[in-house]
Structures are given as C-alpha cells and as structure tokens.
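Peer 1: Just dropping this structure here.
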Amino acid sequence: MNFSSLPSYGALMLIPILFFPLSKILSGYICRMLQLEYLDLYLIHWPLSAKPGKIGFPVPKDEQLAMDFNSVWAAMEDCLRFGLTKSIGVSNFSCKKLENILSFATIPPSVNQVEISPLWRQQKLREFCKSKNIVLTAYSPLGAKGTRWGTNEVMDNETLKEIANAHNKTVAQVCLRWAFEQGLSFVVKSFNKERMRENLQIFDWGLSLDDYKKINEIKQRRLFPKLEMVSPNGPFKSLEELWDGEI
Ligand SMILES: NC(=O)c1ccc[n+]([C@@H]2O[C@H](COP(=O)([O-])OP(=O)(O)OC[C@H]3O[C@@H](n4cnc5c(N)ncnc54)[C@H](OP(=O)(O)O)[C@@H]3O)[C@@H](O)[C@H]2O)c1
Numbered sequence: 051m052n053f054s055s056l057p058s059y060g061a062l063m064l065i066p067i068l069f070f071p072l073s074k075i076l077s078g079y080i081c082r083m084l085q086l087e088y089l090d091l092y093l094i095h096w097p098l099s100a101k102p103g104k105i106g107f108p109v110p111k112d113e114q115l116a117m118d119f120n121s122v123w124a125a126m127e128d129c130l131r132f133g134l135t136k137s138i139g140v141s142n143f144s145c146k147k148l149e150n151i152l153s154f155a156t157i158p159p160s161v162n163q164v165e166i167s168p169l170w171r172q173q174k175l176r177e178f179c180k181s182k183n184i185v186l187t188a189y190s191p192l193g194a195k196g197t198r199w200g201t202n203e204v205m206d207n208e209t210l211k212e213i214a215n216a217h218n219k220t221v222a223q224v225c226l227r228w229a230f231e232q233g234l235s236f237v238v239k240s241f242n243k244e245r246m247r248e249n250l251q252i253f254d255w256g257l258s259l260d261d262y263k264k265i266n267e268i269k270q271r272r273l274f275p276k277l278e279m280v281s282p283n284g285p286f287k288s289l290e291e292l293w294d295g296e297i
C-alpha cells in the first residue's frame, strides 16, 4: 500500500493493553483503521492498563491493572523514533505521575491533556507543566454540556454568564478565551457549524482584570473525578490515589 498519498495528520489516544507492544498496535491501527501515514500526537489516555482481551472504555473495574510506566513509555518513545508519530504525551496525569515519567524518559512528554475549565483551573498542574515545558491541553473546556458524560455546570455558571453578557459574547466564548489567555491549548468539540464558528471567534477581544477577579473567585471542583477508574482490586483504590491528591 502506498501511504504517501494518504493524509498525514491526526491524534490518537490509547489505553495500552498489557503484553501488546504499543508500537505494533499503533502501526497496525494507523495502517488499517485510520489510513494515516503517521500521527501528529500520540497520547496515553489514562495512567492505567487493562487485562488483555477485548478493548473497552472505561476499562471494567475487574480488568484494571497498574501500568508499567517504564515499558509503556519506552514503547511510546519507539513509536516516535519509528516515525509513527511526531510527538508523544499523556492524558489525565497528575504532577506526581508526570514527575515519575520524567525521571526515566529519554524523550519527555510534549503534552498532558486534562480536564480544565474556569470551574477546575488546575493551578498546580499548570505551574508544574510550565516549568517542565509540557503543553497542557484542556479537555471538556465547556464542561461537555449535552454529552453523555457532561454537565451543565460550566455553561450555566452565573459568573461566566455575567462576564459573557458584559462583552456581548457567549459563555462558551468566555471559557475558550480564558483558556487561550492562560496559554493553554484546548480541545473543544461541536458537531454544529454555527457553534464551531462561534468557538473560533475568540481572538479579537479580551478579558479584563475585573473578569479575572471574578473568574478566580469561582469555587473549584473537579467536574469529572472519574470514579470508574477506581476499584478495590485495581491500581487506584481511591480518587485520592488516582489524582495524587489533586482533587
Ligand atoms: N483525554 C480525555 O480523557 C478526555 C476526556 C473527555 C474529553 N476529551 C476530549 O475533549 C474534547 C472536547 O471535550 P468534550 O466533548 O468532553 O467537552 P466540550 O468540548 O466542553 O463540550 C462539548 C459539548 O458542548 C457543546 N458545544 C460546543 N460548542 C458549544 C457552544 N459554542 N455553545 C453551546 N454548546 C456547545 C457540544 O454540542 P454540539 O456538538 O451540539 O455543538 C457538545 O455537546 C473531545 O475531543 C474529547 O475527545 C478527552
């Protein structure tokens, strides 16, 4: 098959399955399913492995296993060296888990993709990633309103509504402008053309100091603590362990 004519961009996240070399999974997956020559960015989706078998998400509690971070990261590095991906990174990693990866990585993670919105600003993780040159990407920056896993809490927040009204913008635009001004990258999702357009219209205006004062007063709470990643026989017995206290 001639891959040179295929599109050559994309990003992928995978929960590594024990005993399967990642580079093998990725090369097979890219060739057959995605029909891409390589990825731009390849992330470890969660700091958690699954027993071999069928791939499901979230990983059923009785199939959750501790990740062997050394060998998984070595395989990620191989993917990059083999040219299967341009960058490698992680997702849902705390400062402590990132520090562990950094202690043995020969290629450090480029990105950590985590939940961030004005309701969960992740100050500690942001400072840590900045100090280590890791790009922090905000997922669910609108609280994933309307999705199966989402919440209305961000879009219905009264402070954000007040700021949006003052600028004649929408709450979504305030959230995305805030993330942009924080130097974060973000992945916002819409299937609606109008809303896609709306989400791009954040570059010709700005938030004021007064807006920041209000945003900084919004009570902080992880909106997606992910209890499904916690189990009595798995690697994380509590949310405290999953997030290393960053809750
Ligand atoms: N790494 C991880 O563990 C992880 C976890 C969660 C999500 N993610 C990724 O993060 C990306 C986005 O996150 P997400 O989908 O969870 O949340 P999100 O982008 O915060 O919210 C998406 C929801 O908001 C709606 N929406 C988008 N723009 C809007 C606007 N301007 N006004 C009103 N509603 C708007 C969308 O509906 P319409 O489509 O109808 O516009 C959709 O229901 C996805 O690509 C996802 O894969 C990653």
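Sequential numbering from 51 applies to the sequence shown in the working numbering. Note that the Cβ used here is the ideal one computed from N, Cα and C, for glycine as well.
Locate the beta strand (DSSP E) running through D180, then write down its first and last residues.
Peer 2: As a working note, residue 180 is residue 130 in the sequence shown. What sits at residue 180 in the sequence shown is Lys, not Asp. Unbroken run through K180 is the alpha helix (DSSP H), Q173 to S181; no beta strand (DSSP E).
Peer 1: Taking 7 Å as the limit between beta carbons, can you name the residues of its chain near F286, skipping five residues before and five after?
Peer 2: Here residue 286 refers to the residue found at position 236 of the sequence shown. Excluding residues within five positions, the ones whose Cβ falls inside 7 Å are M279, V280 and L292.
Peer 1: Count Cβ pairs between the segment 72-91 and the segment 126-146 that sit closer than 8 Å; are there 3 or more?
Peer 2: Yes, the segment 72-91 is in contact with the segment 126-146.
Peer 1: Taking 7 Å as the cut-off, is the C-beta of P159 nearer than that to any heavy atom in ligand 1?
Peer 2: Working through the sequence shown from its first residue, we reach residue 159 at position 109. For ligand 1, not one heavy atom lies less than 7 Å from the Cβ of P159.
Peer 1: What is the rounded straight-line gap between the Cα of N283 and the Cα of C145?
Peer 2: Here residue 283 refers to the residue found at position 233 of the sequence shown. Here residue 145 refers to the residue found at position 95 of the sequence shown. One C-alpha to the other measures close to 24 Å.
Peer 1: Between the C-alpha atoms of S73 and Y79, what's the straight-line distance to the nearest angstrom?
Peer 2: Your numbering for residue 73 matches position 23 in the sequence shown. Your numbering for residue 79 matches position 29 in the sequence shown. The alpha-carbon atoms of S73 and Y79 are separated by roughly 10 Å.
Peer 1: W228 and I268 look like a contact to me (Cβ under 8 Å); what is the Cβ gap, rounded to whole Å?
Peer 2: The count along the sequence shown starts at 1 and reaches residue 228 at position 178. The count along the sequence shown starts at 1 and reaches residue 268 at position 218. That belief does not hold up - the Cβ atoms of W228 and I268 are roughly 10 Å apart, past 8 Å.
Peer 1: My guess is that E113 and L169 are in contact by the Cβ rule of under 8 Å, so how many angstroms apart are they, rounded?
Peer 2: Here the question's residue 113 lines up with position 63 in the sequence shown. Here the question's residue 169 lines up with position 119 in the sequence shown. In fact, because the Cβ distance is near 31 Å, the residues do not count as touching under 8 Å.
Peer 1: Taking the alpha helix (DSSP H) that Q223 belongs to, which residues open and close that run?
Peer 2: The residue given as residue 223 occupies position 173 in the sequence shown. Start and end: V221 to E231.
Peer 1: Helix, strand or coil, according to DSSP, for D90 in the structure here?
Peer 2: Translated into the one-based positions of the sequence shown, residue 90 becomes position 40. Strand.
Peer 1: Grouping DSSP H, G and I as helix and E and B as strand, with all else coil, what is M51?
Peer 2: Against the sequence shown, residue 51 aligns to sequence position 1. Because the pLDDT of M51 is 34, which lies under 50, any placement of that residue in the model is unreliable, and the question is left without a value.
Peer 1: Where does K147 land, buried or exposed, given buried means 16+ other C-beta within 10 angstroms?
Peer 2: Taking the first residue of the sequence shown as 1, we reach residue 147 at position 97. It counts as buried.
Peer 1: For V140, write down the residues that DSSP places opposite it in a beta bridge.
Peer 2: On the sequence shown, position 90 is the one that residue 140 refers to. Looking at the DSSP assignment, V140 forms a beta bridge with I94 and N162.
Peer 1: Between the segment 158-166 and the segment 174-184, are three or more C-beta pairs nearer than 8 Å?
Peer 2: A contact exists between the segment 158-166 and the segment 174-184.
Peer 1: Pick from K111, L277, V140 and F107: whose alpha carbon is nearest that of W123?
Peer 2: As a first step, residue 123 is located in the sequence shown; it is residue number 73 there, counting from the start. Of K111, L277, V140 and F107, the residue nearest in Cα terms is V140.
Peer 1: Tell me where the beta strand (DSSP E) around V185 begins and ends.
Peer 2: Reading the sequence shown from its first residue, position 135 is the one you call residue 185. It spans V185 to Y189 - the beta strand (DSSP E) in which V185 sits, taken as one unbroken run.
Peer 1: DSSP state of T201, grouped into three classes?
Peer 2: Working through the sequence shown from its first residue, we reach residue 201 at position 151. Three-state result, T201: coil.
Peer 1: How long is the line joining the alpha carbons of F241 and K219, rounded to whole angstroms?
Peer 2: Walking along the sequence shown from the start, residue 241 turns up at place 191. Walking along the sequence shown from the start, residue 219 turns up at place 169. Their Cα atoms are separated by approximately 20 Å.
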